[in-house]
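Visitor: This is the structure I have questions about; it appears just below.
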Amino acid sequence: MAEAETARQAEGGADPVTGQSAPRNGKRPGAGRGALRNSTGPGAGRGASRDGREPDAGRHALRVGVLAYPGCFASEVFGVPDLLTMAGHVAGPDASGYRVSVVSPRRRVTASGGASLEVHPVPEVDVLVVPGFEVRPDTDLDARLAPLAPEIAAIRAQASAGTAVVSLCVGAFLLAEAGLLDGRQATTSWLHAGELARRCPDADVRPEHLVVTDRGVTTTAAFSAMYDFALDLIRRNNGARVARITARLALLDDARTSQTPYVDPQLLPQPGRGFSQQVMRRLDQNLAEPYDLAALADAFQISTRTLLRRFAAETGRSPLAHLQASRVRRARHLLETTDRTVAAIAATVGYRDPGTFAALFVRHTGHRPSAYRTAFRRTSGSPFA
Numbered sequence: 209m210a211e212a213e214t215a216r217q218a219e220g221g222a223d224p225v226t227g228q229s230a231p232r233n234g235k236r237p238g239a240g241r242g243a244l245r246n247s248t249g250p251g252a253g254r255g256a257s258r259d260g261r262e263p264d265a266g267r268h269a270l271r272v273g274v275l276a277y278p279g280c281f282a283s284e285v286f287g288v289p290d291l292l293t294m295a296g297h298v299a300g301p302d303a304s305g306y307r308v309s310v311v312s313p314r315r316r317v318t319a320s321g322g323a324s325l326e327v328h329p330v331p332e333v334d335v336l337v338v339p340g341f342e343v344r345p346d347t348d349l350d351a352r353l354a355p356l357a358p359e360i361a362a363i364r365a366q367a368s369a370g371t372a373v374v375s376l377c378v379g380a381f382l383l384a385e386a387g388l389l390d391g392r393q394a395t396t397s398w399l400h401a402g403e404l405a406r407r408c409p410d411a412d413v414r415p416e417h418l419v420v421t422d423r424g425v426t427t428t429a430a431f432s433a434m435y436d437f438a439l440d441l442i443r444r445n446n447g448a449r450v451a452r453i454t455a456r457l458a459l460l461d462d463a464r465t466s467q468t469p470y471v472d473p474q475l476l477p478q479p480g481r482g483f484s485q486q487v488m489r490r491l492d493q494n495l496a497e498p499y500d501l502a503a504l505a506d507a508f509q510i511s512t513r514t515l516l517r518r519f520a521a522e523t524g525r526s527p528l529a530h531l532q533a534s535r536v537r538r539a540r541h542l543l544e545t546t547d548r549t550v551a552a553i554a555a556t557v558g559y560r561d562p563g564t565f566a567a568l569f570v571r572h573t574g575h576r577p578s579a580y581r582t583a584f585r586r587t588s589g590s591p592f593a
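Heads up, the sequence shown is in this note's numbering, so the first residue is 209 and it goes up one at a time.
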């Protein structure tokens with residue numbers, strides 16, 4: 209996996225968030241990109257403090273700054289600190305702790321929903337967390353990001369000083385503006401991954417991952433993935449037992465590995481133009497039929513080579529890739545809403561062999577069909593089903 213790695217897959221003893229195993233730039237032990245390894249050990253601080261003071265005098269704690277800015281999600285400002293606070297109580301007074309502050313280059317910040325945040329000047333920290341913000345279908349990202357030049361400059365300065373930088377959800381767009389994603393793997397909300405890849409073509413955007421770390425820069429998937437990051441941080445700083453208990457207290461799934469099962473293709477921008485849209489419509493109307501490229505080309509009175517070339521030019525993928533994605537989407541719906549057997553659902557979407565269907569389903573969702581049904585089944589009694 210070269211220098212890049214996803215959460216829980218660090219190599220060679222390097223820290224899976226920072227990608228390094230020692231502090232840099234002459235900072236004290238427990239500082240910089242090696243902080244998430246070097247802040248641990250007997251005598252470290254306890255709990256999490258948001259007032260800028262050490263939790264206990266003489267004890268080192270991991271210094272976490274959450275960068276607040278106008279319109280940021282207030283829940284993402286406090287979500288990670290709240291979980292760190294819980295972990296501090298679980299770990300006990302002699303465990304490695306956290307010193308958390310809400311920071312900003314501004315004197316005051318109003319977050320989403322009109323919440324007024326008390327902020328501190330951006331200090332020297334070990335980890336800088338950048339929350340996300342609301343992105344609507346009509347949001348002009350250039351106009352939204354332009355007023356955040358002070359925050360983007362602060363992010364760039366912290367990264368240059370050796371601070372580990374973490375974005376939550378679409379906070380990745382601020383990291384992209386700061387130039388931190390160039391040449392790195394990254395992720396963000398599955399809904400906005402395509403836009404991040406378009407705006408930052410030098411980044412290797414991995415929309416399937418929940419948490420991606422590449423050389424001191426960490427990005428997370430949508431909203432609740434901030435807790436996946438926080439649990440990873442707790443696991444490294446306080447151990448697997450503390451992370452597991454904290455997850456149980458907070459009712460969090462600490463075994464998630466992908467955001468793919470949560471993707472709703474109907475919410476994504478639909479690729480293609482007139483020709484490819486007609487091909488996709490024909491494929492979608494015949495999910496149970498065997499894939500026959502020659503017959504598909506005959507239906508449009510063109511050669512198979514021309515069909516593949518035109519479809520790829522308009523959509524960036526093959527007709528078979530589209531068909532497989534549509535079959536999985538239909539199967540997901542049936543698993544969520546019906547009691548049909550997996551074999552029956554496989555046949556409905558064109559697979560006589562349930563094993564072949566299951567392999568495709570796992571590749572697209574990260575779950576076997578039966579496990580997906582257990583996790584995402586919609587109960588008929590729910591008003592939200």
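Glycine residues also receive a C-beta, built at the ideal position from the N, C-alpha and C atoms.
(1) If the criterion is Cβ atoms closer than 8 Å, does the pair residue 327 and residue 304 meet it?
(2) When we look at the beta-carbon of residue 255 and count the other beta-carbons within 10 Å, is it buried (16 or more) or exposed?
(3) Evaluate contact between the segment 314-330 and the segment 276-283, counting only Cβ atoms and requiring at least three cross-stretch pairs below 8 Å.
(4) Residue 343 lies in the alpha helix (DSSP H); which residues open and close that run?
(5) Smallest Cα separation from residue 349: which of 378, 367, 335?
(6) So, under 8 Å CB-CB, residue 367 and residue 386 are touching, yes? Tell me the CB distance rounded to an integer number of Å.
(7) Checking 8 Å against the spacing of the C-beta atoms, do residue 464 and residue 436 come in under that value?
(8) Count the other C-beta atoms from every protein chain shown that fall within 10 angstroms of the C-beta of residue 511, then say buried if there are 16 or more, exposed otherwise.
(9) By DSSP, does residue 492 sit in helix, in strand, or in coil?
(10) Specify, as a first and last residue, the run of the beta strand (DSSP E) that residue 594 falls within.
(11) Only counting runs of 3 or more residues, tell me where the beta strand (DSSP E) segments fall wholly within the segment 298-354, in order along the chain.
(12) Tell me whether residue 420 sits in a helix, a strand or coil according to DSSP, three-state version.
(13) Got a sec, what are the start and stop residues for the alpha helix (DSSP H) residue 521 sits in?
(14) Assign residue 391 to one of three DSSP states: helix, strand, or coil.
(15) According to DSSP, is residue 408 helix, strand or coil?
(16) Using beta-carbon positions only, say whether residue 306 and residue 325 come within less than 8 Å of one another.
(17) First and last residue of the alpha helix (DSSP H) that includes residue 378?
(18) Hey, could you find the ends of the beta strand (DSSP E) residue 269 is sitting in?
(19) Apart from the five residues on each side of it in sequence, which residues of its chain come closer than 6 Å, Cβ to Cβ, to residue 518?
(20) Check whether the segment 412-431 touches the segment 457-471, counting contact only when three or more Cβ pairs, one atom from each stretch, lie closer than 8 Å.
(21) If we ignore side chains and look at the alpha-carbon of each, how far apart do residue 492 and residue 500 end up?
(22) Report yes or no: do the segment 342-356 and the segment 419-430 share at least 3 C-beta pairs separated by less than 8 Å?
(23) Starting from residue 428, trace the beta strand (DSSP E) both ways and give me its first and last residue.
(24) Look at the alpha carbon of residue 340 and the alpha carbon of residue 405, and state the distance between them as a whole number of angstroms.
(25) Just to confirm the assignment, what range does the alpha helix (DSSP H) spanning residue 541 have?
(26) Comparing alpha-carbon positions, which option in 568, 272, 537, 298 lies nearest residue 287?
(27) Should residue 553 and residue 539 be called a contact, given that it needs their Cβ atoms to be closer than 8 Å?
(28) Which of helix, strand or coil does DSSP assign to residue 570?
(29) Pull the bridge partners of residue 374 from the DSSP assignment, please.
(30) With a CB to CB cut of under 6 Å and the five nearest residues on each side skipped, what residues in its chain are close to residue 597?
(31) Excluding the 5 residues flanking residue 591 on each side, which residues of the same chain have their C-beta closer than 6 Å to its C-beta?
(32) Could you spell out the range, first to last residue, of the alpha helix (DSSP H) harbouring residue 437?
(33) Residues bridged to residue 413 by DSSP?
(34) Hey, residue 330 and residue 362: beta-carbon distance below 8 Å or not?
(35) Going by beta carbon distance, what residues of the same chain come within less than 8 Å of residue 505, once the five residues before and after it are set aside?
Guide: Taking the coordinates as given:
(1) no
(2) For residue 255, the pLDDT reaches just 44, beneath the cut-off of 50, and the residue's location in the model is therefore unreliable, leaving the point undetermined.
(3) yes
(4) That residue, residue 343, is in no alpha helix (DSSP H); it is neither H nor E in DSSP.
(5) 378
(6) 7 Å
(7) yes
(8) exposed
(9) helix
(10) In this structure the chain extends from 209 to 593, so residue 594 is not present and cannot be described.
(11) 305-311, 335-338
(12) strand
(13) 512-523
(14) coil
(15) coil
(16) no
(17) It is not in any alpha helix (DSSP H) - residue 378 carries neither H nor E in the DSSP assignment.
(18) 269-275
(19) 483
(20) yes
(21) 14 Å
(22) no
(23) 425-428
(24) 17 Å
(25) 527-545
(26) 272
(27) yes
(28) helix
(29) 337, 426
(30) Given that the chain is displayed from residue 209 to residue 593, the structure contains no residue 597 and the question cannot be resolved.
(31) Because the pLDDT at residue 591 is just 43, under 50, the model does not fix this residue reliably, and the value given afterwards should be weighed accordingly. Closer than 6 Å at the Cβ level, and outside the excluded window around residue 591, lies no residue.
(32) 433-446
(33) 394
(34) yes
(35) 511, 512, 514, 515
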